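What follows is a single structure, written as structure tokens, with notes after it.
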Amino acid sequence: MATASAAPGVVIAAPVGKAIADQYVVVLRNGVAATSAGSLAKQYNGKVTASWQHALQGFAVNANAADAKALARDPRVAAVYQDAEVKADSVQVNPPSWGLDRIDQRNLPLDQRYHYGPTAGGVRAYVIDTGIRVSHSTFGGRASWGTNTTGDGNNTDCNGHGTHVAGTIGGAEYGVAKAVRLVAVKVLNCGGSGSFAGVISGVDWVTANAVRPAVANMSLGGGAFDPLDTAIRNSIASGITYAVASGNSNADACQTSPARVAQALTVNATGTNDARASFSNFGGCTDLFAPGVGITSSWNTSDTATNSISGTSMATPHVAGVAALYLQRHPAAPADRVHDAIVRNATAGVVGGPGAGSPNRLLYSLFTLWGPEGDYNGDGTTDLTVWRPWEGNWYVRGISTTQWGIGADIPVPGDYNGDGVTDFAVWRPSEGNWYVRGIGTVQWGVGGDIPVPGDYNGDGVTDFAVWRPSEGNWYVRGISTTQWGVGGDVPVAADYNGDGITDLAVWRPSEGNWYVRGISTTQWGVGGDVPVVGDYNGDAVADLAVWRPSEGNWYVRGISTTQWGVGGDIPVPGDFNGDGVTDLAVWRPWEGNWYVRSQFTAQWGVGGDVPLAS
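Structure, rendered in structure tokens:
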């Protein structure tokens, strides 16, 4: 969508004090191709310095003021803007870093640890900045050069700002996402400044060349500039998540670009006491806070150099890193879902003096959704696990053998403390007790109930819940009692809209209908099918799916029909390779074999065991 047209012959002024003489950004009308830039500029004595067709339809031109006004009158032109200076958002040198330690816990004091699950090896982060010292040891060969739009011909980071930002996103020592691939998009020069035209060129390049899943970091800003805002919105619409700095002027971020782009994650800065940093911008155009005072990261002066600096520039890459982690678990998630998940997961109410209009939310990096169900060591993959009722033993392949439970118990594994690791747990129908190893015993439910553990309030912790077939009631401890379903239904609770909250849902074998409360009623499957809910395309939304024993077919709505397994098998879908996509898998009781499609066959368990995956 093009920027709104200006009055004919009017050049839109640059922010006060930031204008670059004889440089302009031209936005073309809808339907006018960017390939016409050269002839159009020449007609008005201008010289094209860059043209864009991916994030924005337009071009940058060098021309005098009179020719720029004449160009603005051309019917093919929507608007002409005086180009202006953009600067990196950094402030002062400070003590060593603490940011990683802060983002993985809800409250102070710090615990001197950074906990993380996935490391985002399948994600690319585009650092739109001063470049990156790609040879720095902290990147371990994961950093590469993308493009340089400054025109200085110096394809290195001769400032340090971009290398510092990249280190916070994905450095081995100071990085949030320690395996992400980093790409340098140099739009700022050795002095840490550049033009809006150069930044738009960088955004356009990312939009055209990004390998997805991808996140972009923009720790820079200037005055309000519509063409840049439009370019970023279009880039986000193409599937790239953007984290942008709110700015360091202790002012309303709604007056600056790109901070005011609603679709981007706009980041304010906090200090070690969780108060808004004195320099940080604020306001209703921002989304959340992250550590930004005294952040230590890599620097450009050598392959081992570090520096400690402050700014919303330092806060923003923490958010970009978390976005990369989220995308590793959900590689097909659209940018708006990534945005909303990160904002929703942030810790509410802990920022001191957030500023007028600012959301009081502090970045939190741990998502229950990152770890697949059945991940008993926190490595991001589903583990082969069986529970042996006559022993009460949990056999987790390659990890442990643990006695927990007795015959007639029902295994209910889940993450009951929010640490990203699946806990051993059983529900005892004769007592209604939940026994969670290392955590506690809770009475919830009665004989005849069906346990349905899930995260029903989005706090990252598995809740105790049962569904009572005789009533159709869902009893979720400490949260709700809700009637949904009838006797004979099969409960299939999952997150069907990607909001991070488990939805109440049942599958009715007599009809083949899925009833998802507040969301949908959908016919999928027939009597005799087995529901096998999972995220089969990595978009962070549960898909409707059934396995048909009579055929061995998996029917995943809107995605695929695949033959995998034979009659008598037990379906055990899970994420066995950590790519964020549910894999088709069956366990064969008479062999004890796990058959995971396109990956492996492994013997684990014996007849009578209960296989546990998702």
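Start counting the sequence shown at 1; every next residue gets the next number (full-length UniProt numbering).
Virtual Cβ for every residue (Gly too), placed ideally from N, Cα, C.
If you're wondering where the values come from, they're calculated on a predicted model, not measured in any experiment.
Q.
Give me, in chain order, the residues of the same chain whose beta-carbon lies closer than 7 Å to that of K69; leave out the 5 immediate sequence neighbours on both sides.
A. Within the same chain, K69 has close Cβ partners G9, V11.
Q. Once you ignore the five residues that flank P354 on each side, which residues in its own chain have a CB closer than 6 Å to its CB?
A. Here the set comprises R276, N360.
Q: With a threshold of 7 Å, establish whether the CB of G292 neighbours any heavy atom of the ligand GDP.
A: No copy of the ligand GDP appears in this structure; indeed no ligand is present at all.
**Q.** alpha helix (DSSP H) segment containing Q43, residue limits
**A.** 37-43
Q. Does DSSP classify N268 as helix, strand or coil?
A. Here N268 sits in strand by DSSP.
**Q.** Cβ shell of D152 (< 6 Å), same chain only, five flanking positions each side left out
**A.** N189
Q) Taking the alpha carbon of T381 as the point to measure from, which residue in N593, L40, G117 has its own alpha carbon closest? A) Here the closest residue by C-alpha is G117.
Q.
Check for me: the alpha helix (DSSP H) holding R329 runs from which residue to which?
A. 312-329
Q: Enumerate in chain order the residues of its own chain whose CB-to-CB distance from R557 is below 8 Å, with the five nearest sequence positions on each side excluded.
A: T522, W524, D543, L544, A545
Q) Helix, strand or coil: how does DSSP classify L362 here? A) Correct three-state label for L362: strand.
Q | Simplified DSSP state of T230, which is helix, strand or coil | A | helix
Q. For V69, which residues does DSSP report across the bridge?
A. Strictly speaking, residue 69 in this sequence is Lys, with Val absent from that position. Answer is none; K69 lacks a bridge partner.
Q. By the 10 Å Cβ neighbour count, where 16 or more other Cβ atoms means buried, how is A540 classified, buried or exposed?
A. buried
**Q.** Beta-ladder partner(s) of A602, from DSSP
**A.** W594
Q) Under a Cβ-count criterion, where at least 16 other Cβ atoms within 10 Å of its own Cβ denotes burial, should residue 622 be classed as buried or exposed? A) The first residue shown for the chain is 1 and the last is 614, placing residue 622 beyond what the model contains.
Q: Taking only the alpha-carbon atoms, compute the straight-line gap between R563 and V412 and give it to the nearest angstrom.
A: Sequence check: residue 563 is Gln here, not Arg. Approximately 28 Å between the Cα atoms of the pair.
Q. Taking Cβ to Cβ, would you say A60 is nearer than 8 Å to A197?
A. yes
(Q) I need the DSSP call for W394, collapsed to helix, strand or coil. (A) Of the three classes helix, strand and coil, the one that applies to W394 here is strand, per DSSP.
Q | Straight-line gap, V610 to L110 (C-alpha atoms, nearest Å) | A | 40 Å
**Q.** Rounded Cβ spacing between S510 and G527 (contact assumed at less than 8 Å)
**A.** 6 Å
Q: Under 8 Å by Cβ, that's how I've got N250 and S280 pegged, so tell me the actual separation to the nearest angstrom.
A: Right, their Cβ atoms sit about 7 Å apart.
Q. Taking only runs of the beta strand (DSSP E) that begin and end inside the region 125-192, which ones reach a length of at least 3 residues, in chain order?
A. 143-148, 181-186
Q: Return the bridge partner residues of S297 from the DSSP annotation.
A: N307
Q: Starting from the C-beta of A323, find all residues in its chain whose C-beta is less than 8 Å away, skip the five residues before and the five after it, and write them out in chain order.
A: V215, T241, A243, L265, V338, I342
**Q.** Cα-Cα separation between V134 and G518, rounded to whole angstroms
**A.** 49 Å
Q) Within this structure, are the beta carbons of R329 and G458 separated by less than 8 Å? A) If you check the CB distance, R329 and G458 do not come in under 8 Å.
Q: Pair every Cβ in the region 213-232 with every Cβ in the region 126-133, then say whether three or more of these pairs are closer than 8 Å.
A: Counting C-beta pairs closer than 8 Å gives three or more between the region 213-232 and the region 126-133, which meets the contact rule.
Q: Taking all protein chains shown into account, decide if R588 is buried (16 or more other Cβ within 10 angstroms of its Cβ) or exposed.
A: buried
Q) The beta strand (DSSP E) spanning S201 covers which residue range? A) Segment 196-209 is the alpha helix (DSSP H) holding S201; no beta strand (DSSP E) there.
Q.
Suppose contacts are defined by Cβ-Cβ distances below 8 Å. Is V566 in contact with G580 by that definition?
A. Not closer than 8 Å, so no.
Q) With a Cβ-Cβ cutoff of 8 Å, do residue 617 and S313 count as a contact? A) What is shown of the chain runs 1 to 614, which leaves residue 617 out entirely.
(Q) Using 8 Å for Cβ pairs, my map puts L228 next to P258. What's the rounded Cβ distance? (A) 6 Å
Q: Locate the alpha helix (DSSP H) running through V343, then write down its first and last residues.
A: Its alpha helix (DSSP H) spans residues 335-345.
Q: Could you check what DSSP says for G99 in three-state terms: helix, strand or coil?
A: helix
Q: In angstroms with no decimal places, state the Cα-to-Cα distance between G374 and T49.
A: 54 Å
Q. Run through DSSP, which three-state label would L612 get?
A. strand
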